[in-house]
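Under our numbering, think of the first position of the sequence shown as 9, with each following residue one higher. Backbone N, C-alpha and C fix where the C-beta goes; we use that ideal spot for every residue, glycine too. Given the structure is predicted, the values throughout are model-derived calculations rather than measurements.
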Amino acid sequence: MKNRTFTLTCLSAALLSACGHLDLGDYAAELPPQESNGTSVIPSPGGSSGSGGMSEPAGGHSPRAEGGAESAGQPASGGESTEGGAGGMGGAEVGGAGGESSVGGESASRGAEKKSCLDLPDICGKDQRSCCEVRYVSAGEVVRGGVKEGEPSAAPSHVSAFYLSTFEVTVGRFQAFLDDYDRWRASGAPRAGDGNHPLVPGSGWRTEWLRPEDAPEGSTGLAATSRDVEREVTNCMGVPFQTKMWIQPLNCASFYEAQAFCTWDGGRLPTDLEWEYAAAGGSENRTYPWGTEPPSHEHAMYGCSADIGAPCLIPPVGSYLPGAGRFGQLDLAGSLAEWTFDTVGEPFPTPCSDCANVEQIHEKNPRNTRGGSWTSDEADMVASQNHFMEAYLHLPMHGIRCAYDVPASE
């Protein structure tokens, strides 16, 4: 059978046992029907926390304002907020040890207008916010590779301000992409250079990543025609997700699908340096996104494998508030490893500014992933740790988080 890019089915039988652990229906809130006045109410889910210290989804009610999800604010127009800008909505503090960012504060920004959330209620996180919420990451410097006691450190690398999604991309958001895929492709998208970092030449979409209609069996890249696109997202076992799973993080995505989704949604994949900068808390050079405290299952979902004798159930996005990064992003460690744009290349010069390795030797050229996953050990929770994987692979440990450029008006 032809390998269909968007079925998100595991590539080998060896992975099926691991994929089978991602049956998440008992741990997600049902999506309610939309009322005619645009208001939806999220019922409190049942069930209890699963193995590995997993948190339950938040219960209670979350009215959605007519005309779309609430926006949580953004930096004041005409200026750049300082690192870890303060603010607050709902009183739930995010940012980890020493962090200054809080849920929905000034560093949070427009999620409702992202295409992937136009038809979705606010159902992500403990306080049920827009799944498309992004948070402002202010400009600054980070020591690439981390600061290690007793060892000389590299010169700091500069990172310009950007927005980074609070949550990993959910099943519901990716389904919106699939629903719009034919229209998007008919418009000529994605075009060469789409989804580029404005300060990193060569970081955008490449036309060779679109698989031609007569492509041979097993070729890599993004599906080019609708015949290669499933009409609904499936889990790693090939079983369609139910709507109650739409707040789960989407896994089994290839690099090409990750970049295509972010481009379609008005963003891009973060560079490897941007990702490390956000996870390390900028100039704080944190060991972990939340600070220096060793990882626990209060911080992240990790340490699961197919041979532990019990299911490893990945919780909905945003379930681990104590694991939040300085700028407010959740699940930067554990859950799913996240694609970055960078290929595996020569070390960056130091110091450097907005550095990225963008040269691709061939279509299977490995890309960096960050953050570790539900299968990782504690070492992969470190903010400076990275791995590389061939770009075409669909693995149950891989997910997506998008970055967005700061508008010139800000």
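Taking all protein chains shown into account, do 16 or more other C-beta atoms lie within 10 angstroms of the C-beta of residue i, making it buried, or fewer, making it exposed?
{"i": "residue 306", "result": "exposed"}
{"i": "residue 385", "result": "exposed"}
{"i": "residue 70", "result": "The predicted position of residue 70 is uncertain, since its pLDDT is 29 and thus under 50; a value taken from the coordinates is nonetheless stated next. By the neighbour-count rule (16 or more Cβ atoms within 10 Å), residue 70 is buried."}
{"i": "residue 346", "result": "buried"}
{"i": "residue 127", "result": "exposed"}
{"i": "residue 153", "result": "buried"}
{"i": "residue 191", "result": "exposed"}
{"i": "residue 216", "result": "exposed"}
{"i": "residue 180", "result": "buried"}
{"i": "residue 163", "result": "exposed"}
{"i": "residue 308", "result": "buried"}
{"i": "residue 301", "result": "exposed"}
Can you tell me which of the options puts its alpha carbon nearest to the alpha carbon of residue i?
{"i": "residue 270", "options": "410, 283 and 264", "result": "410"}
{"i": "residue 310", "options": "294, 295 and 328", "result": "328"}
{"i": "residue 400", "options": "205, 299 and 268", "result": "268"}
{"i": "residue 364", "options": "218, 210 and 395", "result": "210"}
{"i": "residue 298", "options": "194, 334, 394 and 353", "result": "334"}
{"i": "residue 366", "options": "394, 295 and 351", "result": "351"}
{"i": "residue 151", "options": "326, 356, 273 and 312", "result": "356"}
{"i": "residue 187", "options": "253, 273 and 255", "result": "273"}
{"i": "residue 457", "options": "332, 278, 312 and 266", "result": "Past the boundaries of the shown model lies residue 457; the chain is included only from 9 to 418, so the question cannot be answered."}
{"i": "residue 402", "options": "381, 265 and 202", "result": "265"}
My output table needs one value for residue i: the three-state DSSP class, helix, strand or coil.
{"i": "residue 170", "result": "strand"}
{"i": "residue 270", "result": "helix"}
{"i": "residue 138", "result": "coil"}
{"i": "residue 416", "result": "coil"}
{"i": "residue 304", "result": "coil"}
{"i": "residue 185", "result": "helix"}
{"i": "residue 125", "result": "helix"}
{"i": "residue 281", "result": "helix"}
{"i": "residue 155", "result": "coil"}
{"i": "residue 210", "result": "coil"}
{"i": "residue 286", "result": "helix"}
{"i": "residue 179", "result": "helix"}
{"i": "residue 411", "result": "strand"}
{"i": "residue 253", "result": "helix"}
Using a Cβ cut-off of 8 Å (strictly closer), state whether residue i contacts chain C.
{"i": "residue 284", "result": "No chain C appears in the structure shown, which is made up of a single protein chain."}
Length at least 3, wholly inside the stretch 326-394: the beta strand (DSSP E) runs in chain order: 345-351 and 374-378
query: Quick one: any contact between the stretch 136-148 and the stretch 174-184, if contact means 3 or more CB pairs under 8 Å?
result: yes
message: Below 8 Å, how does it come out for the stretch 340-359 and the stretch 279-287: are there three or more Cβ pairs, yes or no?
response: yes
task: Decide yes or no for the touch test of the stretch 257-268 against the stretch 122-129: beta carbon pairs closer than 8 Å, at least 3 of them.
output: no
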